[in-house]
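These notes concern the structure reproduced below.
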Ligand code: SAM
Ligand code: SF4
Ligand code: SF4
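In full-length UniProt numbering, the protein residues as written are 1 to 340.
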């Protein structure tokens, strides 16, 4: 029988529903807006293996989170498919009572080898990142000269394995706004929802400037001129993407507009880094060291008490504050470290 769930609310009354788990900080890409290769070079100090949470430690934490009302888990990275035997973690997470949805965010390069195993382990959905449909543009963005075909093969492998696929495209002015229409055209009739993400000021190294943000409105207008769109209602409370369906009845797109239309009021997410720190916001500067407690032999009750306290004092609403014009030059965690 399911243990009783104790829902917890933060300072602003938001429930804790989603757990995002970063399983590794390394990546096989060097996307310019996330891990610019000038910063993340040969000598960059990635986490040593001993610092990474083990699968057992991750599962134990996820079990405690489920007792506090978490129902959804997203696995991310770095590139999560670089973590050895990831399917074994998925399998264990899938057995946790109360967890009804497990998803993965990936650049898809390693999906042809892993999609089937991941699906068999209980993975239901993948979000695949693809920022361009033209090779020349994509090669420059991913910083590794990888063309579009390997990603398309990864997408096909996911579909063949029975995984639901959504595509994420970060849009940055001067980088790939030319790809908005080609991407929309290419995926319109495919069984895949394309979602555009406004370029965000995560981390400290991606040279973010408001001038480089292509707004949700601009993205929708660009598509609407050629292929008319109409707004659609959210699928569920707290859905981060605004949905738009094509007026001709074939397909839809989404836009994640954390810059021009922030959604902190419905943010029910907590993030666990690969080295066992908990962050209550994507734009946080520091995290709560839960690994220390785990490795000191803390009981489950003690873990739960700490998690409840952490959530209860959460006041984060960084994107709303940005929209209110409150400047904040604090040092932030890197996107490749926390995983989005
Ligand atoms: N490597 C995996 C991938 O790319 O899907 C998972 C980790 S990646 C950090 C997760 C997501 O964050 C990707 O969709 C990526 O495009 C997005 N992302 C990274 N930096 C971003 C930024 N500055 N603004 C908006 N989205 C960003
Ligand atoms: Fe790697 Fe994903 Fe960041 Fe690109 S966005 S560098 S694939 S972690
Ligand atoms: Fe949630 Fe922080 Fe993003 Fe607001 S800025 S939606 S609180 S992660």
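Virtual Cβ for every residue (Gly too), placed ideally from N, Cα, C.
DSSP-derived helix/strand/coil call for residue i
i	result
residue 336	helix
residue 60	helix
residue 136	helix
residue 168	strand
residue 154	helix
residue 187	helix
residue 24	coil
residue 127	strand
residue 66	helix
residue 74	strand
residue 39	coil
residue 9	strand
Alpha carbon of residue i to alpha carbon of residue j, nearest angstrom
i	j	result
residue 146	residue 6	46 Å
residue 300	residue 150	43 Å
residue 135	residue 124	29 Å
residue 25	residue 272	12 Å
residue 83	residue 288	23 Å
residue 205	residue 3	44 Å
residue 46	residue 40	9 Å
residue 308	residue 314	10 Å
residue 261	residue 216	8 Å
residue 320	residue 126	28 Å
residue 238	residue 256	12 Å
residue 290	residue 230	44 Å
residue 305	residue 164	36 Å
residue 68	residue 303	11 Å
residue 64	residue 181	44 Å
Short Cβ contact (8 Å threshold) for residue i with residue j
i	j	result
residue 332	residue 247	no
residue 268	residue 101	no
residue 174	residue 109	no
residue 208	residue 16	no
residue 168	residue 122	no
residue 22	residue 274	yes
residue 77	residue 276	no
residue 213	residue 176	no
residue 81	residue 106	yes
residue 250	residue 188	yes
residue 266	residue 254	no
Boundaries of the alpha helix (DSSP H) in which residue i is found, first to last residue
i	result
residue 17	No alpha helix (DSSP H) holds residue 17; DSSP gives it neither H nor E.
residue 90	86 to 94
residue 242	That residue, residue 242, is in no alpha helix (DSSP H); its beta strand (DSSP E) goes 241 to 246.
residue 217	216 to 226
residue 118	111 to 120
residue 311	300 to 312
First and last residue of the uninterrupted beta strand (DSSP E) at residue i
i	result
residue 103	101 to 106
residue 232	229 to 232
residue 195	193 to 198
residue 252	252 to 256
Contact with chain D by residue i, beta-carbon distance below 8 Å
i	result
residue 278	Among the chains of the structure shown, chain D does not appear; only one protein chain is present.
### Message
Extract the residue ranges of the beta strand (DSSP E) inside the region 266 to 296, only unbroken runs of 3 or more that lie entirely within it.
### Response
269 to 272, 277 to 279
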